[in-house]
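Visitor:
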Amino acid sequence: MIQFVIINFLFNRHYFINLQSCIFLSINPSTKLGIVIKQLKTLNRRVSFKIHQPNNKNLNQIYKYYLTRILLMHKSSFLHSIVLQYPYNYFDISNNSSISSNLISLKLLISDSPSIVFVYSILPVLRLCCTIRYLTIIVECTHSLENDHINFSIETPSINENNLPILPRLTSFNLTILAICDIRSISYILRGTPNLIHFHFVLETRSANWPFSHNLLNGSVWQQILEYYVPHLTKFEFLMSI
């Protein structure tokens with residue numbers, strides 16, 4: 078772990094050619110990451126890379142763009158685990174074919190305004206994760222909690238059900254929804270996880286005005302989805318906060 082008061086000094090003075098694991102915690106938004114990004118492009122021995130960023134210390138959008146592309150698109154044979162816990166919508170990488178084929182564990186925070194991010198937003202991101210075995214995704218709507226007078230609605234996008242993302246290697250999936258959600262979106266996600274063994278699902282509604290699908294509490298609906306789409310599932314955890 079690196080204290081960001083000295084990060085520029087360290088990366089200016091040293092070239093971490095054998096760096097295997099790196100954890101960045103609570104990066105100051107004013108920290109200049111140009112030198113770090115430049116080194117990350119050439120560090121081929123990284124096994125694990127993590128950024129844990131609290132929402133009140135949002136990173137510069139340019140840095141998030143470059144960090145995301147370098148880490149997820151880098152074709153390293155060593156990098157197996159990535160955690161990018163900073164608010165980002167990932168739309169800029171959704172048109173890529175896939176992330177590194179050697180990556181097996183991934184955690185992302187998909188976050189933006191309610192007009193942009195909802196549960197269906199993660200489908201293009203899942204399309205990149207065909208090699209992932211352990212996946213954690215947090216979907217977060219960033220509207221202010223004070224703005225409860227805003228009316229939200231789910232407009233289901235047009236989706237080709239014959240062209241949903243497939244994650245054949247995924248065995249463990251932690252999905253946290255802090256956004257508008259319906260049961261149909263969850264079923265679309267699970268259709269592409271035929272070998273899933275462990276599914277941990279958290280749903281939290283943050284506004285009294287958010288529409289709520291009561292099918293999410295219908296045990297029969299869940300049973301049909303789980304039996305049909307994830308036949309190898311042995312552990313299902315469902316936590317809800319309303």
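Here the sequence shown stands for residues 78 to 319, where the numbers follow this note's numbering. Backbone N, C-alpha and C fix where the C-beta goes; we use that ideal spot for every residue, glycine too. These figures come from a predicted structure and were not determined experimentally.
Alpha carbon to alpha carbon, how far is D225 from I257?
Guide: Residue placement at D225 cannot be trusted, given a pLDDT of 49 that sits under 50; what the coordinates show is reported in the next sentence. Using only the alpha carbons, I get a separation of about 14 Å.
Visitor: What separation, rounded to the nearest whole angstrom, lies between the Cα atoms of P131 and K184?
Guide: Spanning the two alpha carbons is a distance of roughly 15 Å.
Visitor: Which first and last residues belong to the beta strand (DSSP E) in which Q216 is found?
Guide: Per the sequence shown, the amino acid found at residue 216 is Val instead of Gln. Start and end: Y211 to C218.
Visitor: Going by beta-carbon coordinates alone, are I215 and T253 separated by less than 9 Å?
Guide: Yes, these two residues count as a Cβ contact at 9 Å.
Visitor: Identify, in the order they occur along the chain, each residue of the same chain with its Cβ nearer than 6 Å to the Cβ of S182, setting aside the five sequence neighbours on each side.
Guide: These residues qualify, in order along the chain: S158 and Y211.
Visitor: Roughly how many angstroms lie between the CA atoms of C207 and L247, to the nearest whole one?
Guide: Their backbone Cα atoms lie some 8 Å apart in a straight line.
Visitor: Out of L144, K127, V113 and I104, state which residue places its alpha-carbon closest to the alpha-carbon of S98.
Guide: Nearest option by C-alpha distance: K127.
Visitor: Out of curiosity, what's the CA-to-CA distance linking E217 and S188?
Guide: Spanning the two alpha carbons is a distance of roughly 5 Å.
Visitor: Hey, Y197 and S249: beta-carbon distance below 9 Å or not?
Guide: No. Outside cutoff.
Visitor: Nearest to V298 by CA position, among P242, S264 and I114, is which residue?
Guide: For V298, the nearest C-alpha among the options comes from S264.
Visitor: Using the Cα positions of Y167 and L200, report the straight-line distance between them to the nearest angstrom.
Guide: Straight-line Cα distance between these residues: approximately 11 Å.
Visitor: Using three-state DSSP, classify Q162 as helix, strand or coil.
Guide: Q162 falls in the strand class under three-state DSSP.
Visitor: To the nearest angstrom, how far is it from the Cα of N272 to the Cα of E304?
Guide: In a straight line, the C-alpha of N272 is about 12 Å away from that of E304.
Visitor: Specify the secondary structure class of F315 as computed by DSSP and reduced to three states.
Guide: Strand at F315.
Visitor: Smallest Cα separation from T145: which of E238, I176 and V307?
Guide: For the residues E238, I176 and V307, the minimum Cα distance to T145 belongs to I176.
Visitor: Run through DSSP, which three-state label would V279 get?
Guide: It is a strand residue.
Visitor: In terms of alpha-carbon separation, which member of N137, S125 and L117 lies closest to S103?
Guide: Of the listed residues, the one whose Cα sits closest to S103 is N137.
Visitor: Apart from the five residues just before and just after R204, which ones in its own chain have a Cβ nearer than 6 Å to its Cβ?
Guide: P242, listed in sequence order.
Visitor: Buried or exposed: where does P308 fall if 16 or more other Cβ atoms within 10 Å of its Cβ makes it buried?
Guide: Flag for P308 reads exposed.
Visitor: Restricting to Cα atoms, I'd like to know which of Y140, H129, P164 and S125 is closest to N179.
Guide: If we check each option's Cα against that of N179, S125 comes out closest.
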